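**Q** Read in order, the letters of the sequence shown correspond to residues -27 to -1, 1 to 496 in mature numbering (1 follows the signal peptide of the UniProt record, and there is no 0).
If you scroll down you'll find the structure; I have some questions about it.
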Amino acid sequence: MGSKACPWLLLVVVLLVAAAGLVPVAAAEAAFHENYAVEWGEDGYHLVIRGTEVNITMDQSSGAGFRSKSMYGSGFFQMRMKLPSGYTAGVVTTFYLISQPEDGSRDEVDFEFLGDKAGVPITLQTNVFVNGRGDREQRLRLWFDPAADFHDYKILWNPYQLVMFVDDTPVRVLRNLTGTVPGYPFPAKQTMLIRASMWDGSGWATDGGRTKVDWSKVPFTAGYRGFDVSGCAANGSATTPCGSPDLWWNGAGYRNITAEQRAAFERLRKNYMNYDYCADKARSLLGLTLEMASKVRPWLPLLLFVLLAAGAGLTPAARAEPAPAFGENYVKEWGNLVDQGTEVHHTMDQGSTGAGFRSKSTSASGFFHMRMKVPSGYTAGVVTTFYTNVIVNGKNREQRLHLWFDPAADFHDYKIIWNAYQLVMFVDDTPVRVLRNLTGTVLGYKFPAKPTMLIRATVWDGSGWATDGGRTKVDWSKAPFTAGYQGFDVNGCTNGGATPCDSPDLWWNGGGYQNITAEQRAA
């Protein structure tokens, strides 16, 4: 039966103009028994085979279902369906992929059509399980009557993405980000069956289960056509690996969606989507998944708090050149600042507001660092900065951690690598925050890629929020509070330079700085 539980996953709903080659031309129709077999309900009434068409009927005694004869590891799967008409509340009609065995570690990709009262449109619910975890429902109104005629429902599943189509319009897109986002789930490891069924979903399908199947309205009948399968069979008969680019559905034209297709996402959400699990405030956000995190707000990038072992080449060796003086690249901005050439002290007391300095130039990419020794002793309410929060389009995304050393005992390095591929924040040589630039693959994803930025450092009074949520204030009897800064060289690209700021000729944009390694992700 179709998934009665609730699936979960970073699935992006997109309305796409069919791209040339993305939706293949239909082949000649295959007879049902070529690729499929009846699974339940074969009694000459609940499931009737008419060569290239099958009718499934549900009444109070039973529904019916069928499945593919083979398991598949990738492919472009489709079914032409005509749904039951009239009063269909509680009736669930499905077309889906599912791995075996159907246990707590299964993968599943669902089209579920939820019936309703007469005159109320049928709802399409899409859903995905990965490794047994679900709760990823999205529901939308269709822009036609799915009971009036046959329509195509398709699933493109390859190593690059999973796309679900209604006719030639994608309605859900899931990129495979497992190679770039630690812990990201994508249904790539298990082979799956193709299944279709009709069953009684009175417990949940219509009005949250308040409106049940009305058995006086039986029979409920759905038609299925289109039993050809373009898939990589994984039951011992396949000679080509299922991820091979020699399989047409794995080719270059099936690995991405276009910018125009991504732009259509907002139109679909506005006009057709009426439920998205990510926007359901009644659900707990404590178990927020990686992919959901990028969807809870359209401006919220997926920020991963990751402790990584430093990778060869990711943190460059210290330069042998003499340490530059403060005034070469930086300028005092405000407050009580003492410039000692290659070291600067910021001091805050009750008679001053603290101190701050900034870079003379803005940069659009680079490897920025500062050696810092923060104030010691009682420092409640004191905020010492080398700008480390991430703000995109004006929104904050704080993460906090306990350091594994006393940052007031000696100077330590705090570094930011920022290029077109990622943003990585280091303490000494340990990355403590990693943000991949997924703007080309995740709809609505925000990454600080367009503006230029200054480098800033400050000490100031944060009594209103910094310690115990603002309950513990600065104790001015403990003043002065002094921080030390060193390391005023800047490896950054200004927009006025001769080399574009995303050029691979800049060392921080090179191959060794475009990704973190598998070992680093595992850490």
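For each residue, glycine too, the CB sits at the ideal point set by N, CA and C.
Quantities reported herein were computed from a predicted structural model and do not represent experimental measurements.
1) Mapping the DSSP letters down to three states, classify H319 as helix, strand or coil.
2) In terms of residues, what are the limits of the beta strand (DSSP E) holding F341?
3) What's the call for H6, buried or exposed, on a 16-neighbour Cβ count within 10 Å?
4) Determine contact between the stretch 451 to 463 and the stretch 336 to 352, defined as no fewer than three beta-carbon pairs at a distance below 8 angstroms.
5) Is the CB-CB distance between T431 and T358 below 7 angstroms?
6) Within 10 angstroms of the Cβ of L376, are there 16 or more other Cβ atoms? Answer buried if so, exposed if not.
7) CB-CB under 7 angstroms to S257, same chain, minus the five flanking residues each way: which ones, in chain order?
8) Does the Cβ of S43 have 16 or more other Cβ atoms within 10 Å, making it buried, or fewer, making it exposed?
9) Give the single residue among S332, Q51, R79 whose Cα lies nearest to the Cα of T67.
10) Is DSSP giving H6 helix, strand or coil here?
11) Where does K388 sit, in a helix, a strand or coil, going by DSSP?
12) May I have the straight-line CA-CA distance separating G485 from D448, to the nearest angstrom?
13) Give the DSSP-derived three-state secondary structure of W433 in the structure shown.
14) Which of the three DSSP states, helix, strand or coil, is assigned to D249?
15) Give me, in chain order, the residues of the same chain whose beta-carbon lies closer than 7 angstroms to that of W307; leave out the 5 immediate sequence neighbours on both sides.
16) Are T412 and F420 close, meaning C-beta to C-beta below 7 angstroms?
17) Under the three-state reduction of DSSP, which class applies to L310: helix, strand or coil?
18) Would you be able to state if there are at least three C-beta pairs under 8 angstroms between the stretch 235 to 251 and the stretch 70 to 86?
19) Considering only C-alpha positions, which residue in the set E85, S203, K90 is nearest to V139?
20) So, helix, strand or coil for E15, using DSSP?
21) Cβ of A3 within 7 angstroms of Cβ of F238?
22) Examine the Cβ distances between the stretch 141 to 160 and the stretch 13 to 24 and report whether three or more of them are shorter than 8 angstroms.
23) Answer with buried or exposed for R444, where buried requires no fewer than 16 other C-beta atoms within 10 angstroms of its C-beta.
24) By how many angstroms is the C-alpha of V415 removed from the C-alpha of K305?
25) Taking the C-alpha atoms as reference points, what is the distance between A285 and H318?
26) Look up S203 in the DSSP assignment and give the residues it is bridged to.
27) Quick one: grab the DSSP three-state call for T262.
28) Closer than 6 angstroms to a non-hydrogen atom of the ligand NAP - does that hold for the CB of P160?
29) Within 7 angstroms (strictly less), CB to CB, does I128 reach chain C?
30) Indicate whether the contact test is met: 3 or more Cβ pairs, each with one atom in the stretch 216 to 230 and one in the stretch 127 to 136, closer than 8 angstroms.
31) Please specify which runs of the beta strand (DSSP E), each continuous and at least 3 residues long, are wholly inside the stretch 131 to 185, giving them in chain order.
32) Touch check for the stretch 26 to 36 and the stretch 102 to 119: three-plus C-beta pairs under 8 angstroms?
33) Answer with buried or exposed for K333, where buried requires no fewer than 16 other C-beta atoms within 10 angstroms of its C-beta.
34) Quick one: what's V103 bridged to in DSSP?
35) Could you compute how far the alpha carbon of A169 sits from the alpha carbon of P160?
36) Which one of D16, G324, G300, D322 has the shortest CA to CA distance from E316?
**A** If we stick to the structure as given:
1) H319: strand per DSSP, three-state reduction.
2) Note, F341: beta strand (DSSP E), 338 to 346.
3) The Cβ neighbour count for H6, taken over all protein chains shown within 10 Å, is under 16; the residue is labelled exposed.
4) Short answer: they touch.
5) Closer than 7 angstroms, so yes.
6) Counting C-beta atoms within 10 angstroms of its own C-beta, L376 has fewer than 16 neighbours from the protein chains shown and is therefore classed as exposed.
7) Reliability of the predicted coordinates at S257 is poor, the pLDDT of 38 falling under 50, and no value is obtained from them.
8) With a threshold of 16 other beta carbon atoms within 10 Å, S43 meets it and is buried.
9) Residue nearest to T67 within the set S332, Q51, R79 is Q51 (criterion: CA-CA distance).
10) In this structure, H6 counts as helix in the three-state DSSP scheme.
11) Three-state result, K388: strand.
12) The alpha-carbon atoms of G485 and D448 are separated by roughly 46 angstroms.
13) The answer is strand: DSSP assigns W433 an E or B state.
14) Per DSSP, reduced to three states, the secondary structure at D249 is strand.
15) Excluding residues up to 5 positions away in sequence, A328, G329 lie with their Cβ nearer than 7 angstroms to the Cβ of W307 in the same chain.
16) Yes.
17) Note: L310 maps to strand in three-state DSSP.
18) The stretch 70 to 86 vs the stretch 235 to 251: no contact.
19) Of the listed residues, the one whose Cα sits closest to V139 is E85.
20) Reduced to three states, the DSSP call for E15 is coil.
21) Taking C-beta atoms as the reference points, A3 and F238 fail to come closer than 7 angstroms.
22) Output reads no: the stretch 13 to 24 does not touch the stretch 141 to 160.
23) Exposed, since its Cβ has fewer than 16 Cβ neighbours within 10 Å.
24) About 40 angstroms.
25) Residue placement at A285 is flagged as unreliable, the pLDDT there being 35, under the threshold of 50; the coordinate-derived value follows with that caveat. Taking the straight line from one Cα to the other gives about 33 angstroms.
26) Residue pairing by DSSP places S203 opposite F49 in a beta bridge.
27) Per-residue confidence for T262 stands at a pLDDT of 45, beneath the threshold of 50, marking its modelled position as unreliable; the derived number appears in the next sentence. Three-state result, T262: coil.
28) The ligand NAP is not among the ligands present in this structure, which contains no ligands whatsoever.
29) Considering every chain present, this structure includes no chain C. It has just one protein chain.
30) Segments in contact, yes.
31) As far as the stretch 131 to 185 is concerned, its whole beta strand (DSSP E) runs of at least 3 residues are 134 to 139, 142 to 148, 165 to 173.
32) Flag = no, the stretch 26 to 36 and the stretch 102 to 119 do not touch.
33) By the beta-carbon neighbour count (other beta carbons within 10 angstroms, threshold 16), K333 is exposed.
34) By DSSP's assignment, V103 forms a beta bridge with R106.
35) A169 and P160 have their C-alpha atoms roughly 19 angstroms apart.
36) Per the Cα distances, G300.
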